[in-house]
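Colleague:
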Amino acid sequence: MEYAEAYGTRVPKVGLGTWQLTGETCYEAVSTALDLGYRHIDTAQLYENESEVGRAIADSDVDREDVFLTTKVAPGNARYDDVLESTEGSLDRLDTEYVDLLLLHWPNPLVSVGDTMAAMDRLVEEGAVENVGVSNFPRVLLDRARDAADADVVTNQVQFHPYKPQRGMLGHCQEEGLFLTAYSPLARGEALDDPDVRRLAEAYDKTPAQVVLRWATQHRDVVVIPKSASEAHLEQNLALFDFKLTRSEIDELTKPSLLKSSAAMLGGVLSEFRS
Numbered sequence: 001m002e003y004a005e006a007y008g009t010r011v012p013k014v015g016l017g018t019w020q021l022t023g024e025t026c027y028e029a030v031s032t033a034l035d036l037g038y039r040h041i042d043t044a045q046l047y048e049n050e051s052e053v054g055r056a057i058a059d060s061d062v063d064r065e066d067v068f069l070t071t072k073v074a075p076g077n078a079r080y081d082d083v084l085e086s087t088e089g090s091l092d093r094l095d096t097e098y099v100d101l102l103l104l105h106w107p108n109p110l111v112s113v114g115d116t117m118a119a120m121d122r123l124v125e126e127g128a129v130e131n132v133g134v135s136n137f138p139r140v141l142l143d144r145a146r147d148a149a150d151a152d153v154v155t156n157q158v159q160f161h162p163y164k165p166q167r168g169m170l171g172h173c174q175e176e177g178l179f180l181t182a183y184s185p186l187a188r189g190e191a192l193d194d195p196d197v198r199r200l201a202e203a204y205d206k207t208p209a210q211v212v213l214r215w216a217t218q219h220r221d222v223v224v225i226p227k228s229a230s231e232a233h234l235e236q237n238l239a240l241f242d243f244k245l246t247r248s249e250i251d252e253l254t255k256p257s258l259l260k261s262s263a264a265m266l267g268g269v270l271s272e273f274r275s
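Here the sequence shown is numbered in my numbering, starting from 1 and rising by one per residue.
1) Sort out for me which residues DSSP pairs SER257 with in a bridge.
2) Decide if GLY168 is buried, meaning its Cβ has at least 16 other Cβ atoms within 10 Å, or exposed.
3) For SER90, count neighbouring Cβ atoms within 10 angstroms of its own Cβ and tell me buried if that reaches 16, exposed if not.
4) Quick one: give me the first and last residue of the alpha helix (DSSP H) that ASP66 is part of.
5) Got a sec, what are the start and stop residues for the alpha helix (DSSP H) ALA296 sits in?
6) Assuming contact is defined by CB atoms lying nearer than 8 Å, are ALA148 and GLY114 in contact in what I supplied?
7) Give the secondary structure of THR116 by DSSP, where H, G and I count as helix, E and B as strand, and everything else as coil.
8) Identify every residue that forms a DSSP beta bridge with GLN159.
9) With three or more C-beta pairs closer than 8 Å as the rule, is the region 226-246 touching the region 188-195?
10) Could you give the first and the last residue of the continuous beta strand (DSSP E) run that contains ARG10?
11) Please go through the same chain and pick out, in chain order, the residues whose beta-carbon is closer than 7 Å to the beta-carbon of TRP215, but skip the five residues on each side of it.
12) Entirely within the region 176-242 and at least 3 residues each: give me those beta strand (DSSP E) ranges in chain order.
13) Taking a contact to mean a Cβ-Cβ separation below 8 Å, would you say LYS13 touches ALA6 in this structure?
14) What does TYR80 pair with, by DSSP beta-bridge criteria?
15) What does TYR3 pair with, by DSSP beta-bridge criteria?
16) Can you round the beta-carbon distance between THR18 and ASP35 to whole angstroms, since I take them to be within the 8 Å contact cut?
17) If you check the beta carbons only, do TYR98 and ALA128 fall under 8 Å apart?
18) Give the range of the alpha helix (DSSP H) segment to which ASP143 is assigned.
19) So which of ALA33, GLN159, LEU103 and VAL212 has the shortest CA-CA distance to ASP59?
20) When we look at the beta-carbon of THR22 and count the other beta-carbons within 10 Å, is it buried (16 or more) or exposed?
21) Is the separation between the beta-carbon of THR116 and that of THR155 shorter than 8 Å?
22) Find the nearest neighbour of LEU106 within the set ARG122, VAL124 and ALA145, judged by alpha-carbon distance.
23) According to the Cβ coordinates, are LYS72 and SER31 closer than 8 Å?
24) Would you kindly work out how many angstroms separate the C-alpha atoms of VAL222 and SER184, rounded to a whole number?
Below is the structure:
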């Protein structure tokens, strides 16, 4: 396993994302992932699966302190008191005394980010949260959150894949010492049919998903959280670190021009907000 670091916090570069995993499917996926060696699990209040994630961690043979557990505050809970109350609810559902990382899922234009970060600072002081961060924040709001918080903001979780390489955001995170957490790192499966991905998968005797995830993890300070409920895919997604793409191959796979139309992108943004 490779790791990313920010302000003394060390996190596995491959984690399990749980968006759209619910009920027993979620429980089994997290349980299987932990058995396979995953030590980084990502959930959110909006996913409505914190109870299943917590139960899987509690039932596993892995010690809680060995799991890097992230959850996210829903944007509707961004106000100071709501952050405190909703996080208490998350901890109850997750059956844990603390989370390793708490993010604000999306900016809330009706709430000062200073109020949100003040509540997160209090949670850090109380020991309920080890680290804080944000998700889906543009640079100006990321910097505003960092300025408002006493605790170090360790990450911005954003969509990141070969068709959306986020060069500006990644460069800013790298310069400022944050790690970037990549959700939808397979471009919701679209990158798997890319002819260059398939060519490299054959050349390296890897799956297309492994090639795309390796593209992401070879970027400095990038963490990926692909979602899967398949044991075979979970195992493959973790087996990334016995090969390396060349610089030219990374450049070949980086294709921001293949992003969908503006309407399609807006639909994706709205679906993520609902998530």
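Quick reminder that beta carbons are idealized off the backbone N, C-alpha and C, glycines included.
Modeller: On the basis of the supplied data:
1) DSSP output for SER257 lists no bridge partner at all.
2) exposed
3) buried
4) Where ASP66 is concerned, there is no enclosing alpha helix (DSSP H), given that its DSSP letter is neither H nor E.
5) Examination of residue 296 is not possible in this model, given that the chain is present from 1 through 275 alone.
6) yes
7) helix
8) TYR183
9) no
10) 9-12
11) PRO162, LEU245, ILE250 and LEU253
12) 179-183 and 222-224
13) no
14) Looking at the DSSP assignment, TYR80 forms no beta bridge with any residue, so it has no partner.
15) PRO12
16) About 16 Å separates the two Cβ atoms, so there is no contact after all.
17) yes
18) 139-148
19) ALA33
20) exposed
21) no
22) According to the sequence shown, residue 106 is Trp rather than Leu. Residue ALA145 is the option with its Cα nearest to TRP106.
23) no
24) 13 Å
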